[in-house]
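Protein chains in written order, with the numbering used here: chain A, 1 to 223; chain B, 224 to 340. Down below is the structure, laid out as structure tokens.
Have a look at this one:
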């Protein structure tokens, strides 16, 4: 029986589709951020803080959010209540978003040119790291409540993210969070990449994160 | 669920390979899996059993070769195997960065029983 050499990556079809999505979005000047993090890390709060700041900034841009959830549209409704355009993907069990899901929902959205598109991935630090979905960059959100060992336990999710947002540091002492240990882990997997403490409740720190994102967005060739 | 969608991609990709070669039945799949990708052979096998039904892959064996993640020290450049909870270089103590070694997820080869589909 013949053995046939294949040497093809299983992610190949997804990666190709994601490449087409990104090219399409980039050609319209749309800046796309794929947001990863555990359930309860504060992803939706960070997105709503950013969206509010972008809308109120001297250079306001249209903002849209795609919310990925296994079930429920709680986050989408919360964002809409704040006046933020939000679209829901309910994966019905799948633990990550893939390029086909994004292609499907983009076909139903009317995104203005030069928009900022935030995609909130499914709450999980494992498989969302393995899939590109057409983003300019990944951003990982981690909270003090999850513990300081997360970059060590999920190095792929952290290493593939261009920046880390650290939330809930106001309860660090109560939950025994060792910020130095966390930062050392982040620094090891993503040397030189920025870490932004952001308080989702008060919005403290969100402006610094936004100004970094603006720099990254402005540095794109298509900006 | 982690493995379900990647097994779906795997089945689609290999079905296309078989069709391109004029049909047949796949009897073994040699998969290379980096341990940093987090895929478990048992889980892959379970989903493969279900998702390959009615395809050229039905009943195939799955042989997984695991690859240990290797880090490269940012200070001295040494390549080393990662130890639990640590990125430190065993030689100089510098910080180790993830490399592509350990993130693999590809099909190396298949055994194809020709014309038996």
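Backbone N, C-alpha and C define an ideal beta-carbon position, used for all residues, glycine too.
- The C-beta distance from residue 327 (chain B) to residue 256 (chain B) rounds to 6 Å, short enough to fall under 8 Å.
- DSSP places residue 2 (chain A) in the coil class of the three-state scheme, outside both helix and strand.
- Looking at the DSSP output, residue 132 (chain A) sits in no beta bridge, so it has no partner there.
- Our two residues, residue 55 (chain A) and residue 287 (chain B), have alpha carbons roughly 50 Å apart in a direct line.
- In the three-state reduction of the DSSP assignment, residue 319 (chain B) falls in the strand class.
- For residue 76 (chain A), the three-state secondary structure derived from DSSP is helix.
- According to the DSSP assignment, residue 138 (chain A) belongs to the beta strand (DSSP E) that extends over 137-143.
- No Cβ of chain A is located within less than 8 Å of the beta carbon of residue 263 (chain B).
- Taking a Cβ-Cβ threshold of 8 Å, the residues of chain B close to residue 126 (chain A) are 225 and 261, in chain order.
- Taking C-beta atoms as the reference points, residue 65 (chain A) and residue 78 (chain A) fail to come closer than 8 Å.
- Residue 306 (chain B) and residue 59 (chain A) have their C-alpha atoms roughly 47 Å apart.
- When C-alpha distances from residue 313 (chain B) are compared across B:263, B:297, B:226 and B:283, the shortest belongs to B:297.
- Take residue 61 (chain A), set aside five residues on each side of it, and the residues of its chain with a beta-carbon closer than 7 Å to its own are 54, 114, 115 and 116, in chain order.
- DSSP places residue 161 (chain A) in no alpha helix (DSSP H); its state is neither H nor E.
- Classified as exposed, residue 7 (chain A) has fewer than 16 neighbouring CB atoms from the shown chains inside 10 Å of its CB.
- Between residue 205 (chain A) and residue 42 (chain A) the beta-carbon gap is near 11 Å, outside 8 Å, which marks them as no contact.
- A direct Cα-to-Cα measurement between residue 74 (chain A) and residue 49 (chain A) gives close to 17 Å.
- By the rule that beta-carbons nearer than 8 Å mark a contact, residue 155 (chain A) touches chain B.
- Using a CB distance cut-off of 8 Å, residue 109 (chain A) does not count as an interface residue toward chain B.
- Taken in chain order, the complete alpha helix (DSSP H) segments of 4 residues or longer contained in the segment 239-274 of chain B are 264-274.
- Between the alpha carbons of residue 137 (chain A) and residue 338 (chain B) lies a gap of roughly 45 Å.
- Bridge partners of residue 312 (chain B) according to DSSP: none are assigned.
- The three-state secondary structure of residue 127 (chain A), taken from DSSP, is helix.
- Nearest neighbour of residue 262 (chain B) by Cα position, chosen from B:226, B:301 and B:254, turns out to be B:226.
- Contacts with chain B (Cβ-Cβ distance below 8 Å) from the segment 34-65 of chain A involve no residue at all.
- In this structure, B:319 is the residue among B:319, B:324 and B:329 with its C-alpha nearest to the C-alpha of residue 189 (chain A).
- When Cβ-Cβ separations below 8 Å define contact, residue 95 (chain A) makes contact with chain B.
- Taking 8 Å as the CB threshold, residue 318 (chain B) lines the interface with chain A.
- Counting C-beta atoms within 10 angstroms of its own C-beta, residue 27 (chain A) has fewer than 16 neighbours from the protein chains shown and is therefore classed as exposed.
- Comparing alpha carbon positions, the residue from B:332, B:231 and B:325 closest to residue 291 (chain B) is B:325.
- For residue 95 (chain A), no pairing in a beta bridge is given by DSSP.
- Contact of residue 269 (chain B) with chain A by beta-carbon distance below 8 Å is absent, the smallest such distance being about 15 Å.
- DSSP lists no beta-bridge partner residue for residue 44 (chain A).
- Counting C-beta atoms within 10 angstroms of its own C-beta, residue 220 (chain A) has fewer than 16 neighbours from the protein chains shown and is therefore classed as exposed.
- Close partners of residue 229 (chain B) in chain A (Cβ separation under 7 Å): 10.
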